[in-house]
Amino acid sequence: MMVKKIFILSIVTLLCVSCSDDFLERPPKDVLTDANFWETEEHLILAANALYGNIKSKNTVDMENMGDNTLWPSSTQYQAIGSGNYGPDQNTINSEWISQYRGVRQANSFLENYQKADVNPILADRLAGEVRVIRALMYSYLIDFWGDVPLVTHTLTIDELMVARTPKEEVIDFLMTDLEVAAANLPVEIPVGENLGRMSRGAALALKARIALYHGRFDVAEDAARRVMDLGVYSLFDIGNPDRNYYTLFTDKGKLSAGLNKETIIGRLCLADVSMHNLSREIQVPDQFIRWNPTKHLVDDYLMVDGLPIDKSPLYQVSGYEDVFKNRDPRMSQTILAPGAAWGGRYDGSLNNTTPGIFNTPKFQSDKKGAVTLTGYYFTKYCDLGAVPTYNKDDNDFHLLRYAEVLLTYAEAKLEQGTLTQSDVDKTINLLRSRVGMKPMDLQELETNGLNVRNEIRRERRIELALEGQRYSDIKRWKIGEVLGQDVKGVNVNWLPRPELAANLRTDADGFVIAHTGRTFDASRHYLWPIPLPQMERNPDLEQNPGWE
């Protein structure tokens, strides 16, 4: 009966349509369309605000699972990508394509229509600048994942749906120009208030610097990074305590709304009881396997306090678990949980743990009483202890692009052009080290100790940006993909106070836990993702990436 009623209603509607020759030309009064939406300041602000929903939030951190910094306890699609075990039919490959192009389409619609509104042109151009930055962010992921992608700069009609791939370099040319247009129309500074978190001139230039660096345009990256530095708006987050400065940035005190953070340039802001997530609980979940397991590969990359790697420093003497953390770059214990630190994981692997709020030794046995690790390590970065006990009650902001990255970009761009000086190092990398009380980088000392400057610049980037979603992209652009094909390892069981509790774990010949195996990396195809199978089926004009045919 309901079907009949709907059918009759449809016929009546069609009959009504035929009663007036101009009915189809008139926009409906009760529905927002392009014909009646782009009219007021409120309309433009609403449309621009909607674009911000396309910016990655926790998903930025989730992408760390594709790299070699962390390991998820169960098979995930990001983990499958990082381990080389995926294909064109994988859901995440397709969902990333869809989500980025959804944002592109929304941005194109805004840019086609915003000038129709009767508003102050300065405001209109500012909002358009914000939208251009967001569109560029979408394209930055697309070209990073797939290389050549369709460059679509307007909303497509039904006759235009089949769009071929545009060479990556042409897409980058477009983004470089478009971000300059955005920068010219965006304010230098966004004060704390209702506009907090909106794109600024620094956001446009910092994103330009990142894209240029990722794709080998080092002169452009240097120039854009320097211009951000010259704005005089940004500075490294500092609460006056080197032992907590770095860690605190990723807590509630580092939220943009707290007013202390002048470092985050692009962030995804969260709000208590409105926009929340589950990252802190996943990092130290107190009754299950933790979701973020730091790898031996990451732990080993932290320098000693003398500025030397663990294989060169006489300070690295390990006989017990706690020794791993002694005399290391202070960012290590502010990123990876050290013995004696407060944690939310309840009972650890100690024999008589009577202080569940303090971590001492890793837990490998699952008994629903404490956080269990696969590698023997836990993260503390991004973990708000107050949010650990309850599901989805974390309101920490996500920091997608920080001033620290701009400094690292400037240093790397100078290095790759052969123009890096000690002065450049002092105003970039050594600012990062000074914040945590780490020994400064000295180019002459690096040479004296037989250290490769490029390797040390890259190490600095890995350490500073760990768990921020960029490691996988760095691995690809540096062409070191072979690290993704290696077994993921953890702590040496012989260093544990109770090695018997790890007796069931697989280890290598030296006693290091083998937490994940069966990985592969094929340089002939894994530096680019395959075009998703559903997209190939819908658009015959797309061509598949090499090795995925």
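For reference, each letter of the sequence shown is one residue, going 1 to 549 in UniProt numbering.
Beta carbons: idealized from backbone N, C-alpha and C, even for Gly.
The structure presented is a predicted model; accordingly, all values stated were derived computationally and were not measured.
Q) Beta-carbon separation of Tyr377 and Ala225 under 9 Å? A) Within the sequence shown, numbered from 1, the residue matching residue 377 stands at position 377. Within the sequence shown, numbered from 1, the residue matching residue 225 stands at position 225. Contact: no.
(Q) So, at 6 Å on beta carbons, what are the nonlocal neighbours of Ile429 in its own chain, with the 5 sequence-adjacent residues on each side left out? (A) Residue mapping note: residue 429 aligns to position 429 of the sequence shown, counting from 1. Result list for Ile429: Ala411, Met441, Glu460, in chain order.
Q. Which two residues bound the contiguous alpha helix (DSSP H) that contains Leu43?
A. On the sequence shown, position 43 is the one that residue 43 refers to. Here residue 43 is His; the residue named in the question, Leu, does not match the sequence. 41–51 is the extent of the alpha helix (DSSP H) around His43.
Q: Locate the beta strand (DSSP E) running through Arg268, then write down its first and last residues.
A: By one-based count along the sequence shown, residue 268 stands at place 268. Segment 264–268, the beta strand (DSSP E) holding Arg268.
Q. Any idea if Leu46 is buried or exposed, counting beta-carbon neighbours within 10 angstroms, 16 or more meaning buried?
A. Start at 1 with the first residue of the sequence shown, and residue 46 comes out as number 46. Looking at its Cβ environment, which holds fewer than 16 other Cβ atoms inside 10 Å, Leu46 is exposed.
Q) Can you tell which of Gln417, Gln284, Glu64 has the C-alpha that lies nearest to the C-alpha of Asp394? A) Translated into the one-based positions of the sequence shown, residue 394 becomes position 394. Ranking the options by Cα distance to Asp394, first place goes to Gln284.
Q. Anyone know if the C-beta pair for Gln486 and His215 falls short of 9 Å?
A. Taking the first residue of the sequence shown as 1, we reach residue 486 at position 486. Taking the first residue of the sequence shown as 1, we reach residue 215 at position 215. Against a cut-off of 9 Å, the Cβ pair of His215 and Gln486 comes out as no contact.
Q. Going by Cα to Cα distance, which pick from Gly67, Asn59, Tyr247 is closest to Ile475?
A. Residue mapping note: residue 475 aligns to position 475 of the sequence shown, counting from 1. When each option's Cα is compared against that of Ile475, the closest is Gly67.
Q. Would a C-beta distance cut-off of 9 Å place Leu213 and Val133 closer than the cut-off?
A. Translated into positions along the sequence shown, residue 213 becomes position 213. Translated into positions along the sequence shown, residue 133 becomes position 133. Cβ distance not < 9 Å, so Leu213 and Val133 don't count as in contact.
**Q.** Asp516, buried or exposed, once every other Cβ within 10 Å from all chains shown has been counted against 16
**A.** Translated into the one-based positions of the sequence shown, residue 516 becomes position 516. The question names Asp, but residue 516 is His in the sequence shown. Buried: at least 16 other Cβ atoms inside 10 Å.
(Q) Given this structure, state the Cα-to-Cα distance separating Gly357 from Tyr347, to the nearest angstrom. (A) Start at 1 with the first residue of the sequence shown, and residue 357 comes out as number 357. Start at 1 with the first residue of the sequence shown, and residue 347 comes out as number 347. Between Gly357 and Tyr347, the C-alpha separation is close to 8 Å.
**Q.** Entirely enclosed alpha helix (DSSP H) segments - the region 294–323, minimum 4 residues
**A.** 296–301
Q: Quick one: which unbroken alpha helix (DSSP H) runs of 4-plus residues sit fully inside the region 172–224? Chain order, please.
A: 201–214
Q: Determine the DSSP secondary structure at Asn449, reduced to helix, strand or coil.
A: Here residue 449 corresponds to residue number 449 of the sequence shown, with the count starting at 1. Note: Asn449 maps to coil in three-state DSSP.
Q. According to the Cβ coordinates, are Trp548 and Pro150 closer than 9 Å?
A. The residue you call residue 548 lines up with position 548 of the sequence shown. The residue you call residue 150 lines up with position 150 of the sequence shown. In this structure, Pro150 does not lie closer than 9 Å to Trp548 by Cβ.
Q: Report all residues from its chain with a CB closer than 6 Å to the CB of Ser57; omit the five preceding and five following residues, and keep chain order.
A: To locate residue 57, count along the sequence shown from 1; it is residue 57. Taken in chain order, the residues that qualify are Arg268, Phe398.
Q.
Could you tell me the alpha carbon to alpha carbon distance between Gly259 and Val192, rounded to whole angstroms?
A. Indexing the sequence shown from 1 puts residue 259 at position 259. Indexing the sequence shown from 1 puts residue 192 at position 192. Approximately 7 Å between the Cα atoms of the pair.
Q: Work out the CA separation of Gln317 and Ala203 for me, nearest whole Å.
A: Here residue 203 is taken as the residue at index 203 of the sequence shown, counted from 1. Here residue 317 is taken as the residue at index 317 of the sequence shown, counted from 1. Taking the straight line joining both Cα atoms gives about 43 Å.
Q.
Quick check on the DSSP output: the beta strand (DSSP E) that includes Phe512 runs from which residue to which?
A. Position 512 of the sequence shown, counted from the first residue, corresponds to residue 512. Element bounds for Phe512: 512–516.
Q: Using beta-carbon positions only, say whether Asn54 and Gln106 come within less than 9 Å of one another.
A: Counting from 1 along the sequence shown, the entry for residue 54 is found at position 54. Counting from 1 along the sequence shown, the entry for residue 106 is found at position 106. Contact: yes.
Q: With a 10 Å radius around its C-beta and 16 neighbouring C-beta atoms as the bar for buried, classify His154 as buried or exposed.
A: Against the sequence shown, residue 154 aligns to sequence position 154. So His154 ends up on the exposed side.
Q.
Please state the DSSP three-state secondary structure of Lys479.
A. Here the question's residue 479 lines up with position 479 in the sequence shown. It is coil, neither helix nor strand.
Q.
Tell me the rounded alpha-carbon separation between His277 and Tyr246.
A. As a first step, residue 277 is located in the sequence shown; it is residue number 277 there, counting from the start. As a first step, residue 246 is located in the sequence shown; it is residue number 246 there, counting from the start. Looking at the two C-alpha atoms, the distance is approximately 21 Å.
Q. Would you call the region 166–174 and the region 221–241 in contact, with 3 or more CB pairs under 8 Å?
A. no
Q. Can you give the Cα-Cα distance for Asp541 and Asp173, rounded to whole angstroms?
A. The count along the sequence shown starts at 1 and reaches residue 541 at position 541. The count along the sequence shown starts at 1 and reaches residue 173 at position 173. When rounded, the distance between both Cα atoms is 22 Å.
Q. Which residue from Gln417, Glu112, Ser74 puts its Cα closest to that of Arg217?
A. Taking the sequence shown and counting its residues from 1, the one referred to as residue 217 is at position 217. Closest option to Arg217, Cα to Cα, is Gln417.
Q | alpha helix (DSSP H) segment containing Asn59, residue limits | A | As a first step, residue 59 is located in the sequence shown; it is residue number 59 there, counting from the start. Unbroken alpha helix (DSSP H) run through Asn59: 58–62.
Q. Where does Lys168 fall in DSSP's three states?
A. Counted from its first residue, the sequence shown places residue 168 at position 168. Lys168 falls in the helix class under three-state DSSP.
Q. Is it true that the CB of Val493 sits closer than 9 Å to the CB of Leu505?
A. Within the sequence shown, the letter at position 505 stands for residue 505. Within the sequence shown, the letter at position 493 stands for residue 493. Yes, these two residues count as a Cβ contact at 9 Å.
Q: Go ahead and pull the three-state DSSP assignment for Phe145.
A: Here residue 145 is taken as the residue at index 145 of the sequence shown, counted from 1. In this structure, Phe145 counts as helix in the three-state DSSP scheme.
Q) Mapping DSSP to helix, strand and coil, what is Phe325? A) Counting from one through the sequence shown, the residue named residue 325 turns up at place 325. Three-state DSSP puts Phe325 in a helix.
Q) Between Pro294, Thr251, Leu303, Gly340, which lies nearest to Met438 when the distance is taken from Cα to Cα? A) Within the sequence shown, the letter at position 438 stands for residue 438. Measuring from the Cα of Met438, the nearest candidate turns out to be Leu303.
**Q.** Neighbourhood of Ala178 by C-beta, 8 Å cutoff - its chain only, sequence neighbours within 5 removed
**A.** Working through the sequence shown from its first residue, we reach residue 178 at position 178. In the sequence under discussion, the amino acid at residue 178 is Asp, which differs from the Ala named in the question. Around Asp178: Arg132, Arg135, Ala136.
Q. With DSSP run on the structure shown, which of helix, strand or coil describes Ser524?
A. Your numbering for residue 524 matches position 524 in the sequence shown. In this structure, Ser524 counts as coil in the three-state DSSP scheme.
Q: Can you tell me the Cβ-Cβ gap for Glu263 and Phe237, rounded? I've got them flagged as a contact below 8 Å.
A: In the sequence shown, counting from the first residue as 1, residue 263 sits at position 263. In the sequence shown, counting from the first residue as 1, residue 237 sits at position 237. Confirmed, about 4 Å.
(Q) Once the 5 residues before and after Leu239 are set aside, which same chain residues still bring their CB inside 8 Å of it? (A) Within the sequence shown, residue 239 is the residue found at index 239, counting from 1. Looking at the sequence itself, residue 239 is Ile, so the reference to Leu does not match. Result list for Ile239: Asn245, Thr248, Lys253, Leu260, in chain order.
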